[in-house]
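J.: Here it is, the structure in full.
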Amino acid sequence: MQALIWTESRFNPMAISPAGAAGLAQLMPGTARYLGVANRHDPVASIDGGARYLREMLDKFGQIHLALAAYNAGPGAVIRAGGIPRNNETPSYVRSVLDRWQAISSRI
37 MQALIWTESR
47 FNPMAISPAG
57 AAGLAQLMPG
67 TARYLGVANR
77 HDPVASIDGG
87 ARYLREMLDK
97 FGQIHLALAA
107 YNAGPGAVIR
117 AGGIPRNNET
127 PSYVRSVLDR
137 WQAISSRI
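Residue numbers 37 to 144, in our numbering, belong to the letters of the sequence shown in order.
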């Protein structure tokens with residue numbers, strides 16, 4: 037989650053994306069409603085919601101790179117693409133989170 041949150045918001049709980057995602061975990065309004073996250077800028081609620089959503093994507097797709105792609109582009113986009121969508125954002129997003137995760141893990 038640390039790598040995902042760094043990639044999503046650089047640890048800024050007030051971050052808002054051009055697409056409308058907000059908070060540490062950059063939850064979209066509809067995803068936040070689905071997860072029961074009332075205040076996307078609340079760090080605890082955002083991390084909890086983001087972690088639950090990532091777990092759901094892991095359960096659905098079974099592989100971390102596909103779960104991260106679904107977190108970023110939506111599960112429907114991953115299903116339609118039959119893998120990581122080849123758009124302008126998702127491949128580099130997945131790579132960024134995994135690289136950050138590896139960097140964090142190597143320091144532990």
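Think of the CB as a built atom: it goes at the ideal place given N, C-alpha and C, for glycine as much as any other residue. Note that the structure is a prediction, hence the values are computed from the model and not measured.
With a threshold of 16 other CB atoms inside 10 Å of the CB of Asn48, please say whether the residue is buried or exposed.
T.: Burial is judged here by how many other beta carbons sit within 10 angstroms of a residue's own beta carbon; Asn48 has fewer than 16 and is exposed.
J.: For His101 and Gly72, I'd like the C-alpha separation in whole angstroms.
T.: Rounded to whole angstroms, His101 to Gly72 spans 25 Å at the Cα level.
J.: Among Gly119, Arg46, Tyr89, Pro111, which has the Cα closest to the Cα of Leu63?
T.: Tyr89
J.: Whole angstroms are fine: how far does the CA of Met37 sit from the CA of Arg122?
T.: 24 Å
J.: Can you name, in chain order, every residue of its own chain whose Cβ lies under 7 Å from the Cβ of Gly85, other than the five neighbours on each side?
T.: Ala61, Leu63, Ala68, Leu71, Val73
J.: Among the candidates Ala113, Ile52, Asn108, Thr126, whose CA atom is the shortest distance from the CA of Asp78?
T.: Ile52
J.: Which residues does DSSP list as the beta-bridge partners of Ile52?
T.: Bridge partners of Ile52: Ala58.
J.: Compute the beta-carbon to beta-carbon distance between Arg76 and Gly59, rounded to the nearest angstrom, for a pair I have assumed lies under 8 Å.
T.: Cβ-Cβ separation between Arg76 and Gly59: approximately 4 Å, consistent with a contact (criterion under 8 Å).
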